[in-house]
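Novice: Provided herewith is a single structure, encoded as structure tokens, for subsequent inquiry.
In this note's numbering, the protein residues as written are 1 to 223.
So this is what it looks like as structure tokens:
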């Protein structure tokens, strides 16, 4: 059950903890599309930069989650593989290698994605804020973001969302897991593969399948 629901937990945590998403812009009329955009005042540009500065911790947290999510999915897949396919006496050594590889990836990927997120905030988010908010609205937004109670709320949100997702997974897991297993079975059937990932009509492959075949050949030769 846990390996099925890890992805749900990750997606839920990212959704709850991420910065507020922008809604799609309404289609522009032909007249509006042809009209040049009014230049922003220096005061408005400064307000946009203030908003981005105040939201930098949230942007960095979102970037970290973006970098970590695929690593967590791969880690859980590796853990499942070790439990199901690897002899118990070899699991610890292999798991140590997996963890080392994940740490290396995170050490390289997280700073990179954070750097790109901050750069994109200038080329993407700044323009969206400038386009969708008036100068007066930006002033109100800055006042909200600088409010001590709201700052406390933002700082507490990662822990709050993590705890909520943990409770949600524990509460909904028993009901959702059978449905996920049924989905897994349906997808496997549609693709013509077994639960282990091999074609349903094909014999088992790999080192374990090869040994009995080799043993049979040896016995036949002995006869």
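Virtual Cβ for every residue (Gly too), placed ideally from N, Cα, C.
Between 72, 193, 60, 191, which lies nearest to residue 101 when the distance is taken from Cα to Cα?
Specialist: 72
Novice: Classify residue 166: buried if its beta carbon has 16 or more other beta carbons within 10 angstroms, exposed otherwise.
Specialist: exposed
Novice: For the alpha helix (DSSP H) containing residue 125, list its first residue and its last residue.
Specialist: Careful: residue 125 lies outside any alpha helix (DSSP H) and carries neither H nor E.
Novice: Sort out for me which residues DSSP pairs residue 102 with in a bridge.
Specialist: Residue 102 is not bridged to any residue.
Novice: Could you tell me whether the segment 42-56 touches the segment 140-147, where touching means 3 or more Cβ pairs closer than 8 Å?
Specialist: yes
Novice: Only counting the same chain, and skipping five residues up and downstream in sequence, which positions put a Cβ closer than 8 Å to that of residue 31?
Specialist: Residue placement at residue 31 is poorly supported in this model, since its pLDDT is 44, which falls under 50; the coordinates still yield a value, given next. Correct list: empty, nothing qualifies.
Novice: Since I believe residue 59 is in contact with residue 161 (beta carbons under 8 Å), could you give me their beta-carbon distance rounded to a whole number of angstroms?
Specialist: So it is not a contact: roughly 16 Å between Cβ atoms.
Novice: To the nearest angstrom, report how far apart residue 75 and residue 65 are at their CA atoms.
Specialist: So the two alpha carbons sit approximately 15 Å from each other.
Novice: Taking 7 Å as the cut-off, decide whether the C-beta atoms of residue 117 and residue 67 are in contact.
Specialist: no
Novice: According to DSSP, simplified to helix, strand and coil, what is residue 146?
Specialist: coil
Novice: Give the secondary structure of residue 134 by DSSP, where H, G and I count as helix, E and B as strand, and everything else as coil.
Specialist: In the structure shown, residue 134 sits in coil (DSSP, three-state: anything other than H, G, I, E or B).
Novice: For the alpha helix (DSSP H) that contains residue 66, what are its first and last residues?
Specialist: 56-85
Novice: From residue 181 to residue 137, what distance separates their C-alpha atoms?
Specialist: 48 Å
Novice: Using alpha carbons as the reference points, say which of 83, 80, 61 lies closest to residue 113.
Specialist: 61
Novice: Alpha carbon to alpha carbon, what distance is there between residue 91 and residue 183?
Specialist: 29 Å
Novice: Nearest CA to the CA of residue 40: which residue from 141, 174, 129, 159?
Specialist: Minimum Cα distance to residue 40 is reached at 129.
Novice: Specify the secondary structure class of residue 96 as computed by DSSP and reduced to three states.
Specialist: Helix at residue 96.
Novice: Have a look at residue 44 and residue 126 and give me their C-alpha separation to the nearest angstrom.
Specialist: 11 Å
Novice: For residue 47, count neighbouring Cβ atoms within 10 angstroms of its own Cβ and tell me buried if that reaches 16, exposed if not.
Specialist: Residue environment analysis places residue 47 among the buried positions, since at least 16 neighbouring C-beta atoms fall within 10 angstroms of its C-beta.
Novice: Roughly how many whole angstroms lie between the Cα atoms of residue 79 and residue 85?
Specialist: 10 Å
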